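Asks:
2 protein chains.
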Amino acid sequence: MAETPKIRFGFIGCANIARRVSRAVALAPDAVLYAVGSRSLDKARAFAGANGFPAGAKVYGSYEAVLDDPEVDVVYLPLPTSLHVRWAVLAASKKKHILLEKPVALNVAEFDVIIAACESNGVQLMDGTMWMHHPRTSKMKEFLSDVNRFGQLKSIHSNFTFTAGAEFLENDIRVKPDLDALGALGDEGWYCLRAALWAADYELPKTVIALRNPEHNQVGVLLSCGATLYWEDGKVATFYCSFLSNTTMDITAFGTKGTLHVHDYILPYEEDEASFYAATESGVDEAVTKWVPQPSKHITKTDIPQEALMANEFARLVADIKFNNAKPEKKWPTISRKTQLLVDAVKASIDRGFEPVQIQE
Amino acid sequence: MAETPKIRFGFIGCANIARRVSRAVALAPDAVLYAVGSRSLDKARAFAGANGFPAGAKVYGSYEAVLDDPEVDVVYLPLPTSLHVRWAVLAASKKKHILLEKPVALNVAEFDVIIAACESNGVQLMDGTMWMHHPRTSKMKEFLSDVNRFGQLKSIHSNFTFTAGAEFLENDIRVKPDLDALGALGDEGWYCLRAALWAADYELPKTVIALRNPEHNQVGVLLSCGATLYWEDGKVATFYCSFLSNTTMDITAFGTKGTLHVHDYILPYEEDEASFYAATESGVDEAVTKWVPQPSKHITKTDIPQEALMANEFARLVADIKFNNAKPEKKWPTISRKTQLLVDAVKASIDRGFEPVQIQE
Chain P
704 MAETPKIRFG
714 FIGCANIARR
724 VSRAVALAPD
734 AVLYAVGSRS
744 LDKARAFAGA
754 NGFPAGAKVY
764 GSYEAVLDDP
774 EVDVVYLPLP
784 TSLHVRWAVL
794 AASKKKHILL
804 EKPVALNVAE
814 FDVIIAACES
824 NGVQLMDGTM
834 WMHHPRTSKM
844 KEFLSDVNRF
854 GQLKSIHSNF
864 TFTAGAEFLE
874 NDIRVKPDLD
884 ALGALGDEGW
894 YCLRAALWAA
904 DYELPKTVIA
914 LRNPEHNQVG
924 VLLSCGATLY
934 WEDGKVATFY
944 CSFLSNTTMD
954 ITAFGTKGTL
964 HVHDYILPYE
974 EDEASFYAAT
984 ESGVDEAVTK
994 WVPQPSKHIT
1004 KTDIPQEALM
1014 ANEFARLVAD
1024 IKFNNAKPEK
1034 KWPTISRKTQ
1044 LLVDAVKASI
1054 DRGFEPVQIQ
1064 E
Chain H
704 MAETPKIRFG
714 FIGCANIARR
724 VSRAVALAPD
734 AVLYAVGSRS
744 LDKARAFAGA
754 NGFPAGAKVY
764 GSYEAVLDDP
774 EVDVVYLPLP
784 TSLHVRWAVL
794 AASKKKHILL
804 EKPVALNVAE
814 FDVIIAACES
824 NGVQLMDGTM
834 WMHHPRTSKM
844 KEFLSDVNRF
854 GQLKSIHSNF
864 TFTAGAEFLE
874 NDIRVKPDLD
884 ALGALGDEGW
894 YCLRAALWAA
904 DYELPKTVIA
914 LRNPEHNQVG
924 VLLSCGATLY
934 WEDGKVATFY
944 CSFLSNTTMD
954 ITAFGTKGTL
964 HVHDYILPYE
974 EDEASFYAAT
984 ESGVDEAVTK
994 WVPQPSKHIT
1004 KTDIPQEALM
1014 ANEFARLVAD
1024 IKFNNAKPEK
1034 KWPTISRKTQ
1044 LLVDAVKASI
1054 DRGFEPVQIQ
1064 E
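Quick note, the sequences are listed as chains P and H, same order. Under the numbering used here, the residues of the first sequence are numbered 704 to 1064, in order. Under the numbering used here, the residues of the second sequence are numbered 704 to 1064, in order.
(1) Do you know how far the Cα of ASP1047 of chain P is from the Cα of ASN1015 of chain H?
(2) Should GLY1056 of chain P go down as buried or exposed, given a rule of 16 or more other Cβ atoms within 10 Å for buried?
(3) Quick one, are the C-beta atoms of ILE1002 of chain H and GLU974 of chain H less than 9 Å apart?
(4) If you count every other CB in all the chains shown that lies within 10 Å of the CB of MET704 of chain H, and 16 or more means buried, which is it?
(5) Using a Cβ-Cβ cut-off of less than 7 Å, list which residues of the stretch 1005-1029 of chain H approach chain P; keep chain order.
(6) Kindly indicate which residue of P:SER743, P:ASP883, P:ARG852, P:ASN874 has the alpha-carbon position closest to the one of PRO781 of chain P.
(7) What would DSSP say about PHE712 of chain H, mapped onto helix, strand or coil?
(8) So the beta strand (DSSP E) TYR763 of chain H belongs to, where does it begin and stop?
(9) Skipping 5 residues on each side, what residues in its chain have a beta carbon closer than 8 Å to that of GLY1072 of chain P?
(10) Name the residues in the stretch 954-979 of chain P whose C-beta lies less than 8 Å from a C-beta of chain H; which are they?
(11) Using CA atoms only, rank isn't needed, just tell me which of H:GLY923, H:ARG897, H:PHE1026 is closest to GLU706 of chain H.
(12) Consult DSSP for LEU885 of chain H and reduce its assignment to one of helix, strand or coil.
(13) Within the 9 Å Cβ cut-off, does PHE865 of chain H reach chain P?
(14) Whole-angstrom Cβ separation of ALA887 of chain H and SER948 of chain H, contact assumed at under 8 Å?
(15) On the three-pair Cβ rule with 8 Å, is the stretch 847-867 of chain P touching the stretch 954-967 of chain H?
(16) On the criterion of 16 or more Cβ atoms from any shown chain inside 10 Å, does THR1078 of chain P qualify as buried, or is it exposed?
(17) Within 9 Å of any Cβ in chain H, is that where the Cβ of THR1037 of chain P sits?
(18) Name, in chain order, the residues that DSSP records as bridge partners for GLN1061 of chain H.
(19) Going along chain H, which residues have a C-beta under 7 Å from ARG723 of chain P?
(20) Using a Cβ cut-off of 9 Å, which residues of the stretch 907-922 of chain P contact any Cβ in chain H, in chain order?
(21) Within the 9 Å Cβ cut-off, does PRO708 of chain P reach chain H?
(22) Which value, in whole angstroms, describes the spacing of the CA atoms of VAL850 of chain H and ARG839 of chain H?
(23) Leaving aside the five residues before and after PRO998 of chain P along the sequence, list all residues of the same chain whose C-beta is less than 8 Å from its C-beta, in chain order.
(24) Can you pull the DSSP bridge partners for HIS964 of chain H?
(25) Listing by chain order, which chain P residues have their CB less than 9 Å from the CB of HIS1122 of chain H?
(26) How far does the beta strand (DSSP E) with THR866 of chain P in it reach, from first residue to last?
(27) So, does the CB of LYS938 of chain H fall closer than 9 Å to a CB anywhere in chain P?
(28) Assuming PHE853 of chain H is part of the alpha helix (DSSP H), what are its boundary residues?
(29) Using only CA atoms, which one of P:LEU907, P:ALA721, P:PHE1017, P:ALA930 lies nearest to LYS1041 of chain P?
(30) What's the call for GLN1043 of chain P, buried or exposed, on a 16-neighbour Cβ count within 10 Å?
(31) Between which residues of its own chain and LYS797 of chain H is the CB-CB distance below 6 Å, once the five residues before and five after are set aside?
(32) On the three-state DSSP scale, how would you describe SER841 of chain H?
(33) What are the boundary residues of the beta strand (DSSP E) that CYS928 of chain P is part of?
(34) Checking contacts by CB at 9 Å: is GLU984 of chain P closer than that to chain H?
(35) Comparing alpha-carbon positions, which option in H:ILE1053, H:SER1052, H:TRP901 lies nearest SER848 of chain H?
(36) Taking all protein chains shown into account, decide if LYS1004 of chain P is buried (16 or more other Cβ within 10 angstroms of its Cβ) or exposed.
Spelled out as structure tokens, the structure:
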């Protein structure tokens, strides 16, 4: 039986995150680094050389050239958020499947334009939220879904913070209003909101209220913020994200019977193994001297990192479309859109003086 | 040199929590279980027999008899919150030092009556928040206070939940409007609010806003709730407490340079050792494959449990007043009062439809 040909990835742009995704594609068995385009040919060449592109890889001095290469199956799009709609729509029109960095757009209206372009061209769309593809994430979900071990979900707390440093706070695209206008909310809050949705089986909350102490830089870009999210059944989530606090990446999920804790959900402490803590019917001994049982640690080992699993999952979906006439998988753009809806709602609540914002799908 | 005589504790009431505090007093080197009073002499006798009171301990058929015993130095008061003001004021008038269960009162106005009675009678007042006395708590505070390891405090998340069970939800004093009307907020939220204050060096926030999904039982007592707290300098805290979720007792503190995580701050997993996780300037390696450095685990071992350390701290303060003419230590009623102020503010925010409540000291 002939082996299915590898899916060819073309990169448009050489952002920092593209270095990490290059390594991911190189490690993904069903994908291959095929092309990279930059506004500068020299930059593209240097990027390809430094990031494991094979000798025969195509190097282009423009993004358009990547899109026009008929051999490119997938476009990986790490450009600033303000450029997503333009380049994603163009890529879709060239029948390229799109792996899109997050936040997927500046707002859901823009993202809907991207979705429409992908749907009308029959191409797969997925965002670059790597932790969705770690097998630990599935293990955690199994726990949350187990009525005997976790019960009913009551509350979720998530966070993502890191101390960005002076250089980042001065020059990074994520603090520039014309590039990534959503700042910490788009870059970090995206993950927190995804975590809340993920825990809630992607049921949207009804109401979002921003915390009242967002921090902005001098040109009005968010450096830290948070929100509370309310579901119709009474569930509540809180999140906090910041460029101004030391690194945290926690999810705490509160269930009627069980509890989940994870401290490195976005990037595991170690690349080849990741853990979480689960507790069921925690109690104390008769004399109230200790917990019985105590939470248990669950370790998941991986052969290739979560970003390579992401690249491979995308390659698999594309191969299924390309070779088996499968339809694009709607799950991925659907959860991207829900996440963007919540990003928009937090932003709207901040802009409206921390008023409650109702979520309409 | 003669040994300082032990401080004699008299218990009024035989609540469940009194069993644990009996053991604490028995284990505290400077304290002795001296008397117990209940509305039923048989109940008092059975309690004394089952909880390590020495053979000569006094057993009384009323609370008043304990207060009238001139040998009693300290009254431990575990009665329902609605009875605190009455019995604490009476105990103070009899010159008894008071170890008062939390929540200290139904509201701060009541607690102010207790404080005034203690001050005018020159007696020590302290609440029964045990974790304040664990040496781990001091170690965590050292970390939070270290500008090089933790930097400036930006945010705090705390929680306390446990699944109360059918019997508790039906019959426990903590779900009865005439006994502990503050429900989960008074019983559990107390700890969360104390944790936020503790992390913030007892600086009160300016504004408190309750989460919008509190759960009440059929007679209007809170079974779960939460809030966001805002300080003048931009700090924010969130907390969540519930009788309806599996056990959690977390503090996450976000600093500009460091992060603190603790998962069992109220009752350590084990009685003789307790840990927390500290991280400073967490980063990732060049290829973004792992955390460098990872958080470190800090273990504190103890010879006697935190509740015995609490009883002993109280005995030490009382001995200093009794034998050395020291003044009562104001720190303890001051932090009790601040905690009660925040409890009141959360309750007020809930009662006013989740409006912001300004804190006035």
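In this text, a Cβ means the ideal position worked out from N, Cα and C, and glycines have one as well. Remember, predicted model here, so these are calculated numbers, not experimental data.
Replies: Based on what the coordinates show:
(1) Looking up residue 1015 of chain H in the second sequence gives position 312. Looking up residue 1047 of chain P in the first sequence gives position 344. So the two alpha carbons sit approximately 54 Å from each other.
(2) For the purposes of this step, residue 1056 of chain P is taken as the residue at position 353 of the first sequence. Exposed.
(3) Taking the first residue of the second sequence as 1, we reach residue 1002 of chain H at position 299. Taking the first residue of the second sequence as 1, we reach residue 974 of chain H at position 271. Cβ atoms of ILE1002 of chain H and GLU974 of chain H: not closer than 9 Å.
(4) Stepping through the second sequence from its first residue, residue 704 of chain H is reached at position 1. Residue confidence is low: MET704 of chain H scores 46 on pLDDT, short of 50, so the model does not pin down where it sits. Its coordinate-derived value is still stated next. With fewer than 16 Cβ atoms within 10 Å of its Cβ, MET704 of chain H is classed as exposed.
(5) PRO1008
(6) On the first sequence, residue 781 of chain P is found 78 positions in, with the first residue counted as 1. When each option's Cα is compared against that of PRO781 of chain P, the closest is P:ASP883.
(7) By 1-based counting over the second sequence, the position of residue 712 of chain H is 9. Strand.
(8) Against the second sequence, residue 763 of chain H aligns to sequence position 60. Segment 761-763, the beta strand (DSSP E) holding TYR763 of chain H.
(9) One cannot answer for residue 1072 of chain P here, as it falls past the ends of chain P, which runs 704 to 1064.
(10) THR955, PHE957, GLY958, THR959, LYS960, GLY961, THR962, HIS964, HIS966, ASP967, LEU970, PRO971, TYR972, GLU973, GLU974
(11) Here residue 706 of chain H corresponds to residue number 3 of the second sequence, with the count starting at 1. Per the Cα distances, H:PHE1026.
(12) The count along the second sequence starts at 1 and reaches residue 885 of chain H at position 182. It is coil, neither helix nor strand.
(13) Translated into the one-based positions of the second sequence, residue 865 of chain H becomes position 162. Chain P, which has a Cβ nearer than 9 Å to the Cβ of PHE865 of chain H, makes this yes.
(14) Start at 1 with the first residue of the second sequence, and residue 887 of chain H comes out as number 184. Start at 1 with the first residue of the second sequence, and residue 948 of chain H comes out as number 245. Going by Cβ atoms, the distance from ALA887 of chain H to SER948 of chain H rounds to 10 Å, so no, they are not a contact pair.
(15) yes
(16) It is not possible to answer for residue 1078 of chain P, since the shown part of chain P is limited to 704 through 1064.
(17) Your numbering for residue 1037 of chain P matches position 334 in the first sequence. So no, THR1037 of chain P is outside the interface.
(18) Here residue 1061 of chain H is taken as the residue at index 358 of the second sequence, counted from 1. DSSP lists H:THR910 as partners of GLN1061 of chain H.
(19) The residue labelled residue 723 of chain P in the question sits at position 20 within the first sequence. Here the neighbours are VAL991.
(20) THR910, ILE912, LEU914, ARG915, ASN916, GLU918
(21) Counting from 1 along the first sequence, the entry for residue 708 of chain P is found at position 5. Answer no: the Cβ-Cβ gap between PRO708 of chain P and chain H never drops below 9 Å.
(22) For the purposes of this step, residue 850 of chain H is taken as residue 147 along the second sequence, with counting starting at 1. For the purposes of this step, residue 839 of chain H is taken as residue 136 along the second sequence, with counting starting at 1. Looking at the two C-alpha atoms, the distance is approximately 19 Å.
(23) For the purposes of this step, residue 998 of chain P is taken as residue 295 along the first sequence, with counting starting at 1. Once the five neighbours on either side are set aside, the close Cβ partners of PRO998 of chain P are THR962, HIS964, TYR980, ALA981, ALA982, SER985.
(24) Position 261 of the second sequence holds residue 964 of chain H. According to DSSP, which records beta bridges pairwise, HIS964 of chain H is partnered with H:THR955, H:TYR980.
(25) Here chain H comprises residues numbered 704 to 1064, so residue 1122 of chain H is not present and cannot be evaluated.
(26) Taking the first sequence and counting its residues from 1, one reaches residue 866 of chain P at position 163. Its beta strand (DSSP E) spans residues 856-866.
(27) To locate residue 938 of chain H, count along the second sequence from 1; it is residue 235. For LYS938 of chain H, the answer is yes, since a Cβ of chain P falls inside 9 Å of its Cβ.
(28) Taking the second sequence and counting its residues from 1, the one referred to as residue 853 of chain H is at position 150. Segment: none, PHE853 of chain H is in no alpha helix (DSSP H) and carries neither H nor E.
(29) Taking the first sequence and counting its residues from 1, one reaches residue 1041 of chain P at position 338. For the residues P:LEU907, P:ALA721, P:PHE1017, P:ALA930, the minimum Cα distance to LYS1041 of chain P belongs to P:LEU907.
(30) If you number the first sequence from 1, residue 1043 of chain P lands on position 340. By the neighbour-count rule (16 or more Cβ atoms within 10 Å), GLN1043 of chain P is buried.
(31) Walking along the second sequence from the start, residue 797 of chain H turns up at place 94. Cβ within range, chain order: LEU770.
(32) Position 138 of the second sequence, counted from the first residue, corresponds to residue 841 of chain H. Three-state DSSP puts SER841 of chain H in a helix.
(33) As a working mapping, residue 928 of chain P is identified with position 225 in the first sequence. Where CYS928 of chain P is concerned, the enclosing beta strand (DSSP E) stretches over 925-933.
(34) Residue 984 of chain P sits at position 281 when you count from the first residue of the first sequence. Chain H contact via Cβ: present.
(35) Locating residue 848 of chain H in the second sequence gives position 145, where the first residue counts as 1. For SER848 of chain H, the nearest C-alpha among the options comes from H:TRP901.
(36) On the first sequence, position 301 is the one that residue 1004 of chain P refers to. Its Cβ having fewer than 16 others within 10 Å, LYS1004 of chain P is exposed.
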